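Q: First the structure, then my questions, so here it is.
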Amino acid sequence: MNPMPKLLISIGIVFIILGILWQVGGRFLSLGRLPGDIVIKKDNFTFYFPLMTSIVLSLLLSGMMWLFRFFR
Numbered sequence: 001m002n003p004m005p006k007l008l009i010s011i012g013i014v015f016i017i018l019g020i021l022w023q024v025g026g027r028f029l030s031l032g033r034l035p036g037d038i039v040i041k042k043d044n045f046t047f048y049f050p051l052m053t054s055i056v057l058s059l060l061l062s063g064m065m066w067l068f069r070f071f072r
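Under UniProt numbering, the sequence shown has 31 at position 31, and the numbering climbs by one with no breaks.
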């Protein structure tokens, strides 16, 4: 049996859950405004690089993928 459809559905559900958490939890958890995110503001120019947010999301996704493989 081909596991690809089940995997794609699981990944889609994870992305939906992450999107909902990002919208709702972003206000409370201040994702995107963590200490370690780089913000450079000049006269009419703003550069924003969410370094720490990227690291946190990477750790969360890696942990979720590890759990999926562990309980498979």
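In this text, a Cβ means the ideal position worked out from N, Cα and C, and glycines have one as well. This one's a predicted model, so the numbers in the text were calculated from it and none came from an experiment.
Can L57 and D37 be called in contact, C-beta distance under 8 angstroms?
A: Not a contact, by the Cβ cut-off of 8 angstroms.
Q: Enumerated in chain order, which unbroken segments of the beta strand (DSSP E) with a length of 3 residues or greater are wholly contained in the region 26-71?
A: List check, beta strand (DSSP E) in window: 38-41, 46-49.
Q: What I want to know is whether the C-beta of W66 ends up closer than 7 angstroms to one or more non-hydrogen atoms of the ligand NAP.
A: Here there are no bound small molecules, and the ligand NAP is not part of this structure.
Q: Output needed for G19: all residues of its chain with C-beta closer than 8 angstroms, excluding positions within five of it in sequence on either side, in chain order.
A: Correct list: empty, nothing qualifies.
Q: Nearest to F68 by alpha carbon, out of K42, V14, F47?
A: Selected option, being the one with the closest Cα: V14.
Q: Taking just the CA atoms, how far does T46 sit from I17?
A: Rounded to whole angstroms, I17 to T46 spans 30 angstroms at the Cα level.
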